[in-house]
Structure formats: structure tokens, C-alpha cells
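Participant: Note that the working numbering has the sequence shown beginning at 10, numbered continuously upward. Quick reminder that beta carbons are idealized off the backbone N, C-alpha and C, glycines included. Can you read through this structure? Questions will come right after.
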Amino acid sequence: MEKQLIVLKEELKKAIDNVENINQLNETKAKYLGKKSSLQDLMKMMPRLSVEERKNVGRSLNEFKNYAEELIARKAKELHDLKVRLRLEKDKIDVTLPGKRFAVGRKHLLDQAWQELEDIFIGLGYQIAEGPEIELDLYNFEMLNTPKGHPARDMQDSFYIDGNNLLRTQTSPVQIRTLLAAKGDPVKIVCPGKVYRRDNDDATHSHQFMQLEGLVVDTDITMADLKGTLRFLMKKLFGDRLEIRFRPSFFPFTEPSVEVEVTCFKCYGNGCGLCKDSGWIEVLGAGMVHPNVLSGAGYDPKKYQGFAFGMGIERVVMLRHGIDDIRLFYGNDPRFLEQF
Ligand code: DAH
Numbered sequence: 010m011e012k013q014l015i016v017l018k019e020e021l022k023k024a025i026d027n028v029e030n031i032n033q034l035n036e037t038k039a040k041y042l043g044k045k046s047s048l049q050d051l052m053k054m055m056p057r058l059s060v061e062e063r064k065n066v067g068r069s070l071n072e073f074k075n076y077a078e079e080l081i082a083r084k085a086k087e088l089h090d091l092k093v094r095l096r097l098e099k100d101k102i103d104v105t106l107p108g109k110r111f112a113v114g115r116k117h118l119l120d121q122a123w124q125e126l127e128d129i130f131i132g133l134g135y136q137i138a139e140g141p142e143i144e145l146d147l148y149n150f151e152m153l154n155t156p157k158g159h160p161a162r163d164m165q166d167s168f169y170i171d172g173n174n175l176l177r178t179q180t181s182p183v184q185i186r187t188l189l190a191a192k193g194d195p196v197k198i199v200c201p202g203k204v205y206r207r208d209n210d211d212a213t214h215s216h217q218f219m220q221l222e223g224l225v226v227d228t229d230i231t232m233a234d235l236k237g238t239l240r241f242l243m244k245k246l247f248g249d250r251l252e253i254r255f256r257p258s259f260f261p262f263t264e265p266s267v268e269v270e271v272t273c274f275k276c277y278g279n280g281c282g283l284c285k286d287s288g289w290i291e292v293l294g295a296g297m298v299h300p301n302v303l304s305g306a307g308y309d310p311k312k313y314q315g316f317a318f319g320m321g322i323e324r325v326v327m328l329r330h331g332i333d334d335i336r337l338f339y340g341n342d343p344r345f346l347e348q349f
């Protein structure tokens, strides 16, 4: 019996040494300590032994059982530790590896310009006005001193919805809306927004583009105010070294009307391809609000004067960044958009 137990101990030790996982350990445990184990077989012999023998054998069997349980417990801990170590090794992160880059969008170049223009004018105490893109013929033309049949309408080939409504061809109708709403009070607004013309789409024309309209009406407004304001705006947009100049022009809703030009910011007046050797670049139209417009909107032109201007936002952005095709703004090609 003693010998049998010694052999059993050795066998058990070897078996446990070869165990690789918890299942195998459980199997080994069952084999050596379970109901059908050799230990149980030995225990079953006990009743047949004398009292004296039983005492000794009982002690030996107990000793074996303790030995086996200790070995198994130690192995169980070993397996557990190994499992934890392996998992930690697998989960290890290398904080020096490059991170994942999340693509953050940005504002479209035209939105950036829109925002910048608003900020400049808010800084000058202007309010931002808005108007609908589907506009009345009455506001888009008629009350802007451009009656039906006026040749100036031809220059703005238009998308009509019916006899009275069209997609606005300019932001100027917001002048009328603003004056009507102000009911005779002074007005100082800019209005950025989309306009539509039945133009051929080419590198510098689009059937839809954006303008910034400006209107100031008060009792003591002169052309010097217009010039000072536009000079400030152009210096903000194109740099401090620039000057502006007015050239006579015609718009039905202003009198006098001017084209505003800035010093060519590429050659600073020396003459180059951009300014067609003139040293100047035309950027917007402006003028003093026509008395017919003022009186039509309920303002006494003897008491009130005003200036107005209208600027193409795309045109200014194209000049600033040397962009030569207006269609790039609307194409949504990330290779273009990501540059700004
Ligand atoms: N509405 C004109 C256009 O689309 C631009 C313009 C010129 C607006 C002179 C004005 C202005 O307010 O005074 O061509």
C-alpha cells in the first residue's frame, strides 16, 4: 500500500507537470482524487483492514490527498497567472505609435469670405440684412429705377418664375426691402447672398454666384463716405498698400454711379497680365442712391442721401487667391477645397 502510494505520487507529479490548461488539470484531479480514482479504490479496502493497519493506511491516504490537493492548487495558480500575463502582453499598447487622424472638415472658401466680409462691416457698425432668393420683379427691378423695357434689364438675363417673380439677379432688391421696413429711419446694412443670371457658365461666369450689397441712408451722406468706406474695405481685403479710384459708370438705381478699381496687387501699378497693363483692377460697382429709389421707398430725397455698392464675392476671392476658374468653387473637389 505504501509503495502503491509512492508510485501514485510520482505519477501524479508527472501528470501535473504536463498539464497545460485548466481542463487538463480538472481531468487530472478527477483521475487521482475523484470517485473512480485509484485513491478511492484504496479507500474501499479500508474496512477489510485491522484497526492498527487502518490507522496507518488512513494517515498515508490522507497525506497523499493533502499532497495531491496542494500540487493541484499550485498548478491552478500557475495556470491563472500565466493566463493573466499572456492577456496583458496581448493588450499592451505602444503609445509611441502614430495616432489615428480624424478628418475635420472646414468652411468652404466662399463661406470664409462671406464671414470675413460680415465681420469687417459689423466692425463698422453695419447690420446684416437678408432677402429671399425668389424675388418680386417689383423689388429686383421696378423700384430700383429699372422699369419694364429698360435696357439695363437685358444685362441681367433672368430666371423668371412667373410674370411677377424671378430668381433675384442681384442683391440690390434687399435695399428696397430694408428701406420699406425701416419706414423712414436711417439705414446702414450689408447683405451677402446668392444671385442668379441666365449666363453661360464659363471660367468667369456662373448662372449662380454671390454678391455683397451695401446700403447707407441718412441725412448727411456724401460720396466721400462711400469712398472712405470702400477704401477701408479694399485695404482690409487686399492689403494696406493699395489705393482705390472711381471711374464714371451707370446703374439705374444710383446717380452718380461709379466702377471702383483697386491698385493691381500683383504689380502695384507697374502693369502686368492680371491688370492688362493698366495698373488697376475693377472690383465693384457703387454710387449715390438715386432719388427715385429713395422717394419710391418713402424717403424724402431732399432730406436723405445714401450710398450703395454691390460686389461679387467670388470675383474678390478669385483675385485674392489667383483662382482662374469660378467653377472650382462649386465643383466640391477636395484637392481644391483643402488648400484653403
Ligand atoms: N447690382 C449691381 C449688379 O449686380 C451691382 C451694384 C452696383 C450694386 C452699384 C449697387 C450699386 O448697390 O450701387 O451689377
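Compute every distance between the C-beta of T263 and the non-hydrogen atoms of the ligand DAH, then say whether any falls below 7 Å.
Facilitator: For this step, residue 263 is matched to residue 254 along the sequence shown. T263 Cβ: within cutoff of the ligand DAH.
Participant: Sorted by chain position, which residues of the same chain lie with C-beta nearer than 8 Å to A350's C-beta, five sequence neighbours on each side aside?
Facilitator: A query on residue 350 cannot be resolved here, the shown segment of the chain reaching from 10 to 349 and no further.
Participant: Does DSSP put N173 in a helix, in a strand, or in coil?
Facilitator: Start at 1 with the first residue of the sequence shown, and residue 173 comes out as number 164. DSSP places N173 in coil when its eight states are reduced to three.
Participant: Using a Cβ-Cβ cutoff of less than 7 Å, which residues in the same chain neighbour S258 once the five nearest sequence positions on both sides are dropped?
Facilitator: On the sequence shown, position 249 is the one that residue 258 refers to. Same-chain partners within the cutoff: S266, V267, E268 and G294.
Participant: Take D286 as the anchor and find which of M297, T272, V298 and V292 has the nearest alpha-carbon.
Facilitator: Counting from one through the sequence shown, the residue named residue 286 turns up at place 277. Taking only the C-alpha atoms, the option nearest D286 is T272.
Participant: Which whole runs of the beta strand (DSSP E) in the region 173 to 198 are 3 residues long or more, in chain order?
Facilitator: Listed in chain order, the complete beta strand (DSSP E) runs (minimum 3 residues) inside the region 173 to 198 are 174 to 176.
Participant: In chain order, what residues of the same chain lie with their CB nearer than 6 Å to the CB of A161, ignoring the 5 residues before and after it?
Facilitator: In the sequence shown, residue 161 corresponds to position 152, counting from 1. Cβ within range, chain order: T155 and P261.
Participant: Can you find a heavy atom of the ligand DAH that lies under 7 Å from the Cβ of E291?
Facilitator: Residue mapping note: residue 291 aligns to position 282 of the sequence shown, counting from 1. No, since every heavy atom of the ligand DAH falls outside the 7 Å radius drawn around the Cβ of E291.
Participant: Assuming A122 and V326 form a contact by the criterion Cβ under 8 Å, report the distance between their Cβ atoms to the nearest whole angstrom.
Facilitator: Indexing the sequence shown from 1 puts residue 122 at position 113. Indexing the sequence shown from 1 puts residue 326 at position 317. That pair is a contact at about 5 Å.
Participant: What does DSSP give as the partner residues of W289 in its beta bridges?
Facilitator: Start at 1 with the first residue of the sequence shown, and residue 289 comes out as number 280. DSSP lists T272 as partners of W289.
Participant: Does the separation of the CB atoms of Y148 and P182 fall below 8 Å?
Facilitator: The residue labelled residue 148 in the question sits at position 139 within the sequence shown. The residue labelled residue 182 in the question sits at position 173 within the sequence shown. Result yes, Cβ atoms of Y148 and P182 sit closer than 8 Å.
Participant: What's the C-alpha gap between E323 and N341?
Facilitator: Taking the first residue of the sequence shown as 1, we reach residue 323 at position 314. Taking the first residue of the sequence shown as 1, we reach residue 341 at position 332. Distance between the alpha carbons of E323 and N341 is about 15 Å.
Participant: When the Cα of D166 is compared with those of V204, I137, S46 and L133, which residue comes out closest?
Facilitator: Reading the sequence shown from its first residue, position 157 is the one you call residue 166. Nearest option by C-alpha distance: V204.
Participant: Under the criterion of a Cβ to heavy atom distance below 7 Å, does E222 qualify as lining the ligand DAH?
Facilitator: Along the sequence shown, read from residue 1 onward, the residue named residue 222 stands at position 213. Yes, the beta carbon of E222 sits closer than 7 Å to at least one heavy atom of the ligand DAH.
Participant: Work out the CA separation of K245 and L251 for me, nearest whole Å.
Facilitator: Indexing the sequence shown from 1 puts residue 251 at position 242. Indexing the sequence shown from 1 puts residue 245 at position 236. Taking the straight line from one Cα to the other gives about 10 Å.
Participant: Per the DSSP calculation, P201 is bridged to which residue(s)?
Facilitator: Locating residue 201 in the sequence shown gives position 192, where the first residue counts as 1. Paired residues: L221.
Participant: Do you know offhand how far A191's Cα is from E264's?
Facilitator: Mapped onto the sequence shown, residue 191 falls at position 182. Mapped onto the sequence shown, residue 264 falls at position 255. Rounded to the nearest angstrom, the two C-alpha atoms are 22 Å apart.
Participant: Count the other CB atoms, across all protein chains shown, that sit within 10 Å of the CB of I198; report buried if there are 16 or more and exposed otherwise.
Facilitator: Numbered from its first residue, the sequence shown carries residue 198 at position 189. Counting Cβ neighbours within 10 Å, I198 comes out buried, since at least 16 surround it.
Participant: Could you tell me which uninterrupted alpha helix (DSSP H) segments, each at least 4 residues in length, are contained entirely in the region 24 to 56, listed from first to last along the chain?
Facilitator: Whole alpha helix (DSSP H) segments, 4+ residues: 31 to 42 and 47 to 53.
Participant: Quick one: complete beta strand (DSSP E) runs, 3+ long, within the region 60 to 114?
Facilitator: None, since the region 60 to 114 contains no complete beta strand (DSSP E) of that length.
Participant: Could you tell me the alpha carbon to alpha carbon distance between L80 and I31, rounded to whole angstroms?
Facilitator: Counted from its first residue, the sequence shown places residue 80 at position 71. Counted from its first residue, the sequence shown places residue 31 at position 22. Their backbone Cα atoms lie some 13 Å apart in a straight line.
Participant: On the CB-based measure, 16 or more other CB atoms within 10 Å of its CB, does Y169 come out buried or exposed?
Facilitator: Locating residue 169 in the sequence shown gives position 160, counting from the first residue. Exposed, since its Cβ has fewer than 16 Cβ neighbours within 10 Å.
Participant: Looking at the secondary structure, which residues open and close the alpha helix (DSSP H) in which T343 lies?
Facilitator: Residue numbering aside, residue 343 sits at position 334 when the sequence shown is read from its first letter. The sequence as given places Pro at residue 343; Thr does not occur at that position. Segment P343 to L346, the alpha helix (DSSP H) holding P343.
Participant: Please name the residue in F247, L328 and V104 whose C-alpha comes closest to that of G282.
Facilitator: The count along the sequence shown starts at 1 and reaches residue 282 at position 273. Among F247, L328 and V104, the Cα nearest to that of G282 is on L328.
Participant: With E144 as the anchor, note down where its beta strand (DSSP E) starts and where it stops.
Facilitator: Numbered from 1 along the sequence shown, position 135 holds the residue referred to as residue 144. Note, E144: beta strand (DSSP E), I143 to L145.
Participant: Where M164 and R207 are concerned, what is the direct C-alpha to C-alpha distance, given to the nearest angstrom?
Facilitator: The sequence position of residue 164 within the sequence shown is 155, counting from 1. The sequence position of residue 207 within the sequence shown is 198, counting from 1. M164 and R207: Cα-Cα distance of roughly 10 Å.
Participant: Please list, in chain order, all residues of the same chain as L58 whose beta carbon is under 7 Å from its beta carbon, the five residues on each side excluded.
Facilitator: Indexing the sequence shown from 1 puts residue 58 at position 49. Only V66 meet the Cβ criterion.
Participant: Within 7 Å: the Cβ of Q179 and any heavy atom of the ligand DAH?
Facilitator: Locating residue 179 in the sequence shown gives position 170, counting from the first residue. Indeed, a heavy atom of the ligand DAH lies less than 7 Å from the Cβ.
Participant: With a threshold of 7 Å (Cβ to nearest heavy atom), would A317 be considered close to the ligand DAH?
Facilitator: Against the sequence shown, residue 317 aligns to sequence position 308. Yes, the Cβ of A317 comes within 7 Å of a heavy atom of the ligand DAH.
Participant: I need the DSSP call for E264, collapsed to helix, strand or coil.
Facilitator: Your numbering for residue 264 matches position 255 in the sequence shown. E264: strand per DSSP, three-state reduction.
Participant: Any heavy atom of the ligand SAH closer than 7 Å to the CB of S167?
Facilitator: For the ligand SAH, the structure offers nothing, since it holds only the ligand DAH.
Participant: Is G140 helix, strand or coil by DSSP?
Facilitator: Locating residue 140 in the sequence shown gives position 131, counting from the first residue. Coil, per DSSP.
Participant: Using CA coordinates, which residue listed in L303, D334, R177 and L70 is at the minimum distance from F48?
Facilitator: Residue 48 sits at position 39 when you count from the first residue of the sequence shown. Before going on, a small fix: residue 48 reads as Leu here, not Phe. Comparing Cα positions, the closest option is L70.
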